[in-house]
Amino acid sequence: MPELPEVEHTRRNLVRWMKGARITHMTATDARIAKPSPRALVTRLTGRVVSAIDRKGKWLRFVLDDGARVFCHLGMTGWFEPGGAEPLRFERASFDLVKKQKRSRVSYVDSRRWGRMELAQEDIPSWTRLGPDPLSDGIDLELLATKLARRKKSSIKEALMDQTVLAGVGNIQAIEALWKAKIDPRSRAGAMTVKDIRTIAKGIDWTIARTIADWAKGDEGEDNPFLVYGRKGTPCPRCKTLLRRAELGGRTTTWCTGCQALKR
DNA sequence: ATTATTGTTGGTAG
DNA sequence: TCTACCAACAATAA
51 MPELPEVEHT
61 RRNLVRWMKG
71 ARITHMTATD
81 ARIAKPSPRA
91 LVTRLTGRVV
101 SAIDRKGKWL
111 RFVLDDGARV
121 FCHLGMTGWF
131 EPGGAEPLRF
141 ERASFDLVKK
151 QKRSRVSYVD
161 SRRWGRMELA
171 QEDIPSWTRL
181 GPDPLSDGID
191 LELLATKLAR
201 RKKSSIKEAL
211 MDQTVLAGVG
221 NIQAIEALWK
231 AKIDPRSRAG
241 AMTVKDIRTI
251 AKGIDWTIAR
261 TIADWAKGDE
271 GEDNPFLVYG
281 RKGTPCPRCK
291 TLLRRAELGG
301 RTTTWCTGCQ
311 ALKR
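Quick note: the first sequence, position 255, residue 305 per this note's numbering, numbers continuous.
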């Protein structure tokens, strides 16, 4: 469940479930996910207390009481949930916890196995490489303008999804933000004016806040909560033009040809 | 059976 | 050194 808002929602859950708790027992079953190996992860974490859980972009960082760190990415299909007695379907790791004599269990589930749980002593490149996080750092317009100006060929949507430009904006959030900003996702990144960039930043803030609020409601309402993403062929909520879909940089993109201006 | 999917990485070319 | 492009990764749901 992996863009900034979902990962932030996950982080808030994990803080409630795990912060200050001691890991009394854990499992890790998949060598593709647990690095450097499931065994190394289990050995190093068992008996430790979780002192902090941070997020940057789509990455999570667990800090343990002895300084060890675990960097976690949910990939495309990873999530955490309270675990029961029986292992869940596609469970790849689990934590037995104790905090003030209360015991609990948290599971990591990931059908597609693109997620990561990487043990390290220091911050890893995947983490340090990330650009500013729109939610926790805010969007620096000057810096964003500089980075976009360097993109001579790529579209504004692809540039926004580059994790070194802004950390945490993925396909859905980029689509929603550009719709809000009334900018065609195919527009060249380098063609954005200062005003465009300000509008895009507002669009990003808007969609992130909106999606986090949706998650906080906890509806788990299975229907699409987004205004534009996945709504090809339906009327634009703003101008009623039928939404169009195309591929951009290998990712499905939906937008409105009626009210999103193309700038080349 | 076919198609689409919320993401990152590593290789290659320029 | 930086940008741009693409295949690979894997498993499910419609």
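Backbone N, C-alpha and C fix where the C-beta goes; we use that ideal spot for every residue, glycine too.
First and last residue of the beta strand (DSSP E) that includes residue i?
i    : result
M68  : Element bounds for M68: not the beta strand (DSSP E) but the alpha helix (DSSP H), L54 to M68.
M211 : From DSSP, M211 is part of no beta strand (DSSP E) but of the alpha helix (DSSP H) over I206 to M211.
W229 : Where W229 is concerned, there is no enclosing beta strand (DSSP E), although the alpha helix (DSSP H) it sits in stretches over N221 to K230.
L114 : W109 to L114
W305 : R301 to W305
S161 : Looking at the DSSP string, S161 is not in any beta strand (DSSP E), and its letter there is neither H nor E.
A296 : R294 to L298
Please list the terminal residues of the continuous alpha helix (DSSP H) segment that includes residue i.
i    : result
V99  : V99 -> no alpha helix (DSSP H), and no H or E assigned at all.
P175 : P175 to T178
E131 : That residue, E131, is in no alpha helix (DSSP H); its beta strand (DSSP E) goes G128 to P132.
V244 : V244 to K267
T196 : L191 to A199
For residue i and residue j, I'd like the C-alpha separation in whole angstroms.
i    : j    : result
S204 : I83  : 31 Å
I262 : K149 : 28 Å
A227 : C286 : 14 Å
G280 : N274 : 8 Å
P196 : K313 : Sequence inspection shows Thr at residue 196; the Pro mentioned does not correspond to that position. The straight-line gap from Cα to Cα measures roughly 18 Å.
S129 : T178 : In the sequence as presented, Ser is not what sits at residue 129; that position holds Trp. Cα-Cα distance, rounded: 23 Å.
T302 : K282 : 10 Å
A239 : A224 : 13 Å
A135 : A143 : 14 Å
W229 : A170 : 39 Å
C306 : A266 : 28 Å
K245 : G308 : 20 Å
Taking the beta carbon of residue i as the centre, do at least 16 other beta carbons fall within 10 Å, making it buried, or is it exposed?
i    : result
K207 : buried
P86  : exposed
S101 : exposed
L191 : exposed
C289 : exposed
R105 : buried
L210 : buried
T257 : buried
A296 : exposed
V278 : buried
G268 : exposed
D160 : buried
L194 : buried
V120 : buried
P88  : buried
R166 : buried
A71  : buried
E56  : buried
T60  : buried
Between which residues of its own chain and residue i is the CB-CB distance below 8 Å, once the five residues before and five after are set aside?
i    : result
I73  : L95, T96, G97, R98, V99, V100, F145, D146 and L147
A311 : K232, I233, D234 and S237
G220 : P52, E53, L54, K108 and M211
L298 : S205, K207, E208, P235 and R236
Going by the beta-carbon positions, is the gap between residue i and residue j smaller than 8 Å?
i    : j    : result
A78  : V65  : no
P184 : I247 : no
T304 : L292 : no
R155 : P137 : no
I189 : A241 : no
I222 : E58  : no
I103 : K69  : yes
L114 : C122 : no
E168 : S157 : no
Output needed for residue i: all residues of its chain with C-beta closer than 7 Å, excluding positions within five of it in sequence on either side, in chain order.
i    : result
G181 : Q213, T214, V215, L216 and A217
R200 : none
R162 : G125, M126 and T127
Ignore the nearest five residues each way along the sequence and tell me which others in residue i's own chain have a CB closer than 6 Å to its CB.
i    : result
W164 : G125 and M126
T249 : A231
Less than 7 Å between the CB of residue i and some heavy atom of the ligand MG, yes or no?
i    : result
A311 : Ligands displayed in this structure: none; no statement on the ligand MG is therefore possible.
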